[in-house]
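Peer 1: Take 33 as the starting number for the sequence shown in the numbering used here and just add one per residue. Where is the CB? At the ideal position from N, CA and C, for every residue including glycine. Please read these numbers as outputs of a predicted model, since none were measured by experiment.
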Amino acid sequence: MNRSPIIDEIRNYREEHARSCGFDLKRIAEDIRRTEQRLREEGCTVVVEKAEMNTPMESRTAP
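Structure follows, in structure tokens:
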């Protein structure tokens, strides 16, 4: 499998961000929310798409 330099860069950024927050998911989420709010205040458009919950494949019924 070929490695993408773009994906590697994203993974490195995520790792660095997680490390700066002590790998604490609550702190990571709060930091992202603060950053989004700051960007909105600066006039940027922040697109937030809510994820849909899917049932596990085993529990789905066949058509």
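Can you give me the start and stop residues for the alpha helix (DSSP H) that residue 67 sits inside?
Peer 2: 57 to 73
Peer 1: Please classify residue 52: does DSSP put it in a helix, a strand, or coil?
Peer 2: helix
Peer 1: With DSSP as the reference, label residue 34 as helix, strand or coil.
Peer 2: coil
Peer 1: Compare the beta carbon distance of residue 72 and residue 80 with 8 Å and say whether it is the shorter of the two.
Peer 2: no
Peer 1: Under 8 Å between the Cβ atoms of residue 49 and residue 60?
Peer 2: yes
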